[in-house]
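Visitor:
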Amino acid sequence: MARKKQYNEEEVIKKAMGLFWRNGYESTTVRMLEKEMGINQFSIYSSFKNKQGVFLESVKYYKKQINTIKNKLKASNNGIVGIKQYFYDFIEFSSEGKLRKGCLVTNTVNEVKEEEEPEVIIELKKFANEIRDLFVSNLKQDDKKSNTLVQQQADYLMNAILGLSIASKVFTKEQLNNIIEVTFTNL
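In C-alpha coordinates, the structure reads:
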(Lines of atoms letter the chains of each structure in order from A; the text may use other names.)
(Lines give C-alpha, C1' and ligand atoms only; values in the text may rest on other atoms or scores of the structure.)
Protein backbone atom coordinates (compact mmCIF):
# COMPACT_ATOMS: atom_id res chain seq x y z
CA MET A 423 0.00 0.00 0.00
CA ALA A 424 1.36 3.43 -1.00
CA ARG A 425 2.06 5.86 1.79
CA LYS A 426 -0.01 9.02 1.99
CA LYS A 427 1.94 12.20 1.34
CA GLN A 428 2.63 14.13 4.51
CA TYR A 429 2.76 17.46 2.71
CA ASN A 430 0.69 19.73 0.50
CA GLU A 431 2.15 19.43 -2.99
CA GLU A 432 1.12 22.94 -4.05
CA GLU A 433 2.77 24.43 -0.96
CA VAL A 434 6.07 22.62 -1.50
CA ILE A 435 6.09 23.54 -5.20
CA LYS A 436 5.44 27.17 -4.29
CA LYS A 437 8.49 27.05 -2.01
CA ALA A 438 10.56 25.35 -4.71
CA MET A 439 9.50 27.97 -7.26
CA GLY A 440 10.69 30.71 -4.92
CA LEU A 441 14.03 28.97 -4.51
CA PHE A 442 14.53 28.53 -8.26
CA TRP A 443 13.45 32.13 -8.84
CA ARG A 444 15.95 33.46 -6.28
CA ASN A 445 18.91 31.21 -7.04
CA GLY A 446 18.41 30.04 -10.60
CA TYR A 447 17.98 26.54 -11.94
CA GLU A 448 21.65 25.59 -12.16
CA SER A 449 22.57 26.87 -8.68
CA THR A 450 19.67 25.11 -6.97
CA THR A 451 20.60 21.69 -5.63
CA VAL A 452 18.40 18.85 -4.44
CA ARG A 453 19.71 19.47 -0.91
CA MET A 454 18.59 23.09 -1.14
CA LEU A 455 15.19 21.96 -2.40
CA GLU A 456 14.94 19.47 0.46
CA LYS A 457 15.55 22.24 3.00
CA GLU A 458 13.30 24.82 1.30
CA MET A 459 10.43 22.45 0.60
CA GLY A 460 10.61 20.83 4.03
CA ILE A 461 10.50 17.31 2.61
CA ASN A 462 13.23 14.70 2.35
CA GLN A 463 15.12 13.62 -0.73
CA PHE A 464 13.16 10.37 -0.97
CA SER A 465 9.89 12.32 -1.18
CA ILE A 466 11.34 14.64 -3.83
CA TYR A 467 12.48 11.71 -5.98
CA SER A 468 9.30 9.74 -5.33
CA SER A 469 6.96 12.60 -6.24
CA PHE A 470 8.94 14.54 -8.85
CA LYS A 471 11.68 12.11 -10.05
CA ASN A 472 14.48 14.70 -9.94
CA LYS A 473 15.36 18.39 -9.75
CA GLN A 474 14.11 18.89 -13.29
CA GLY A 475 10.73 17.41 -12.33
CA VAL A 476 10.47 19.82 -9.41
CA PHE A 477 11.41 22.69 -11.70
CA LEU A 478 8.84 21.76 -14.35
CA GLU A 479 6.14 21.68 -11.67
CA SER A 480 7.45 25.05 -10.44
CA VAL A 481 7.06 26.50 -13.95
CA LYS A 482 3.47 25.24 -14.04
CA TYR A 483 2.84 26.93 -10.71
CA TYR A 484 4.51 30.13 -11.96
CA LYS A 485 2.23 30.08 -15.01
CA LYS A 486 -0.80 29.83 -12.71
CA GLN A 487 0.45 32.84 -10.77
CA ILE A 488 1.02 34.95 -13.87
CA ASN A 489 -2.32 33.90 -15.39
CA THR A 490 -4.04 36.85 -13.73
CA ILE A 491 -2.16 39.35 -15.86
CA LYS A 492 -2.15 37.04 -18.91
CA ASN A 493 -5.94 36.70 -18.70
CA LYS A 494 -6.27 40.47 -18.42
CA LEU A 495 -4.28 40.80 -21.66
CA LYS A 496 -6.29 38.01 -23.28
CA ALA A 497 -9.55 39.81 -22.46
CA SER A 498 -8.26 43.19 -23.58
CA ASN A 499 -9.96 44.92 -26.49
CA ASN A 500 -7.47 47.77 -26.42
CA GLY A 501 -4.79 46.49 -28.81
CA ILE A 502 -1.46 48.10 -28.07
CA VAL A 503 -2.84 49.84 -24.97
CA GLY A 504 -3.69 46.41 -23.52
CA ILE A 505 -0.18 45.14 -24.25
CA LYS A 506 1.35 48.23 -22.65
CA GLN A 507 -0.73 47.59 -19.52
CA TYR A 508 0.56 44.01 -19.52
CA PHE A 509 4.12 45.40 -19.38
CA TYR A 510 3.21 47.54 -16.35
CA ASP A 511 1.41 44.61 -14.71
CA PHE A 512 4.42 42.39 -15.39
CA ILE A 513 6.74 44.83 -13.59
CA GLU A 514 4.44 44.74 -10.56
CA PHE A 515 4.28 40.94 -10.67
CA SER A 516 8.04 40.48 -10.98
CA SER A 517 8.85 42.87 -8.15
CA GLU A 518 6.45 41.53 -5.51
CA GLY A 519 8.15 41.22 -2.18
CA LYS A 520 11.58 42.55 -1.33
CA LEU A 521 13.47 40.73 -4.07
CA ARG A 522 13.51 42.09 -7.57
CA LYS A 523 13.58 38.72 -9.24
CA GLY A 524 12.74 39.43 -12.85
CA CYS A 525 10.95 36.60 -14.64
CA LEU A 526 11.52 32.98 -13.65
CA VAL A 527 11.32 31.93 -17.31
CA THR A 528 13.75 34.59 -18.58
CA ASN A 529 16.18 33.93 -15.75
CA THR A 530 16.21 30.22 -16.56
CA VAL A 531 16.56 30.69 -20.32
CA ASN A 532 19.68 32.75 -19.62
CA GLU A 533 21.38 29.92 -17.75
CA VAL A 534 20.18 26.58 -19.13
CA LYS A 535 21.65 24.94 -22.23
CA GLU A 536 19.10 23.31 -24.51
CA GLU A 537 21.24 20.25 -25.15
CA GLU A 538 21.55 19.60 -21.40
CA GLU A 539 17.94 20.28 -20.40
CA PRO A 540 15.72 19.91 -23.51
CA GLU A 541 12.49 19.33 -21.53
CA VAL A 542 13.06 22.51 -19.54
CA ILE A 543 13.69 24.56 -22.68
CA ILE A 544 10.59 23.11 -24.37
CA GLU A 545 8.43 24.18 -21.42
CA LEU A 546 9.97 27.66 -21.36
CA LYS A 547 9.47 28.11 -25.11
CA LYS A 548 5.82 27.08 -24.74
CA PHE A 549 5.36 29.76 -22.10
CA ALA A 550 7.06 32.43 -24.26
CA ASN A 551 4.94 31.46 -27.26
CA GLU A 552 1.75 31.83 -25.21
CA ILE A 553 2.73 35.41 -24.40
CA ARG A 554 3.72 36.13 -28.01
CA ASP A 555 0.37 34.75 -29.24
CA LEU A 556 -1.43 37.16 -26.91
CA PHE A 557 0.64 40.03 -28.32
CA VAL A 558 -0.31 38.94 -31.86
CA SER A 559 -4.02 38.78 -30.94
CA ASN A 560 -3.93 42.26 -29.47
CA LEU A 561 -1.91 43.71 -32.35
CA LYS A 562 -4.42 42.26 -34.85
CA GLN A 563 -7.12 44.40 -33.26
CA ASP A 564 -5.71 47.20 -35.43
CA ASP A 565 -6.98 45.99 -38.80
CA LYS A 566 -4.79 48.50 -40.66
CA LYS A 567 -1.70 46.43 -39.83
CA SER A 568 -0.48 43.79 -42.23
CA ASN A 569 0.14 40.30 -40.88
CA THR A 570 3.86 40.79 -41.55
CA LEU A 571 3.92 43.95 -39.44
CA VAL A 572 1.94 42.25 -36.66
CA GLN A 573 4.46 39.38 -36.57
CA GLN A 574 7.41 41.80 -36.55
CA GLN A 575 5.90 43.87 -33.76
CA ALA A 576 5.12 40.74 -31.73
CA ASP A 577 8.79 39.74 -32.00
CA TYR A 578 9.84 43.26 -31.03
CA LEU A 579 7.54 43.16 -28.00
CA MET A 580 8.89 39.76 -26.94
CA ASN A 581 12.41 41.16 -27.09
CA ALA A 582 11.24 44.18 -25.11
CA ILE A 583 9.53 42.15 -22.36
CA LEU A 584 12.55 39.86 -22.02
CA GLY A 585 14.83 42.89 -21.72
CA LEU A 586 12.43 44.50 -19.26
CA SER A 587 12.51 41.34 -17.18
CA ILE A 588 16.28 41.58 -16.84
CA ALA A 589 16.18 45.35 -16.31
CA SER A 590 13.61 44.90 -13.52
CA LYS A 591 16.30 43.27 -11.42
CA VAL A 592 18.51 46.38 -11.34
CA PHE A 593 16.65 49.49 -12.52
CA THR A 594 14.38 51.76 -10.53
CA LYS A 595 10.64 51.80 -11.09
CA GLU A 596 10.98 55.18 -12.82
CA GLN A 597 13.59 53.79 -15.22
CA LEU A 598 11.39 50.78 -15.96
CA ASN A 599 8.42 53.05 -16.65
CA ASN A 600 10.61 55.09 -19.01
CA ILE A 601 11.63 51.92 -20.86
CA ILE A 602 7.97 50.94 -21.28
CA GLU A 603 6.99 54.39 -22.53
CA VAL A 604 9.79 54.49 -25.11
CA THR A 605 9.03 50.92 -26.21
CA PHE A 606 5.46 51.85 -27.04
CA THR A 607 6.38 55.17 -28.65
CA ASN A 608 7.85 53.17 -31.52
CA LEU A 609 4.68 51.18 -32.22
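Numbering of the sequence shown is given in the numbering used here, commencing with residue 423 and proceeding in unit increments. The beta-carbon is built from N, C-alpha and C at its ideal position, and this holds for glycine as well.
I'd like the span of the alpha helix (DSSP H) that includes residue 464, first residue to last.
Guide: Where residue 464 is concerned, the enclosing alpha helix (DSSP H) stretches over 463-470.
Visitor: Please report the straight-line C-alpha distance between residue 472 and residue 452, rounded to a whole angstrom.
Guide: Going from the Cα of residue 472 to the Cα of residue 452 covers about 8 angstroms.
Visitor: Secondary structure at residue 386, three-state DSSP: helix, strand or coil?
Guide: Residue 386 lies beyond the residue range present for the chain, which begins at 423 and ends at 609; the question has no answer from this structure.
Visitor: Between residue 511 and residue 454, what straight-line distance do the alpha-carbon atoms span, to the nearest angstrom?
Guide: Going by the C-alpha atoms only, they are around 31 angstroms apart.
Visitor: Between residue 467 and residue 456, what straight-line distance do the alpha-carbon atoms span, to the nearest angstrom?
Guide: So the two alpha carbons sit approximately 10 angstroms from each other.
Visitor: Which term fits residue 533, buried or exposed, when burial requires 16 or more other beta carbons within 10 angstroms of its beta carbon?
Guide: Under this definition residue 533 is an exposed residue.
Visitor: May I ask you to verify whether the stretch 580-597 touches the stretch 551-563, counting CB pairs closer than 8 angstroms and requiring at least 3?
Guide: Yes, the stretch 580-597 touches the stretch 551-563.
Visitor: Please classify residue 563: does DSSP put it in a helix, a strand, or coil?
Guide: Residue 563: coil per DSSP, three-state reduction.
Visitor: Give a yes or no on contact between the stretch 473-491 and the stretch 434-442, applying the rule of three or more CB pairs nearer than 8 angstroms.
Guide: Because the criterion of three Cβ pairs below 8 angstroms is met, the stretch 473-491 and the stretch 434-442 touch.
Visitor: Which runs of the beta strand (DSSP E) spanning at least 3 residues fall entirely within the stretch 574-609, listed in chain order?
Guide: As far as the stretch 574-609 is concerned, it has no whole beta strand (DSSP E) run of at least 3 residues.
Visitor: Would the stretch 537-545 and the stretch 555-575 be scored as touching if the rule is three or more Cβ pairs under 8 angstroms?
Guide: Contact fails: fewer than three Cβ-Cβ distances are below 8 angstroms.
Visitor: My guess is that residue 477 and residue 447 are in contact by the Cβ rule of under 8 angstroms, so how many angstroms apart are they, rounded?
Guide: That pair is a contact at about 6 angstroms.
Visitor: Between the Cα of residue 372 and those of 527, 557, 605 and 590, spot the shortest distance and give me the residue it belongs to.
Guide: An answer regarding residue 372 cannot be provided, because it is not within the stretch 423 to 609 covered by the chain.
Visitor: Below 8 angstroms on the Cβ atoms is my guess for residue 443 versus residue 571; work out the distance and round it to an integer in Å.
Guide: About 35 angstroms separates the two Cβ atoms, so there is no contact after all.
Visitor: If you check the beta carbons only, do residue 523 and residue 591 fall under 8 angstroms apart?
Guide: Result yes, Cβ atoms of residue 523 and residue 591 sit closer than 8 angstroms.
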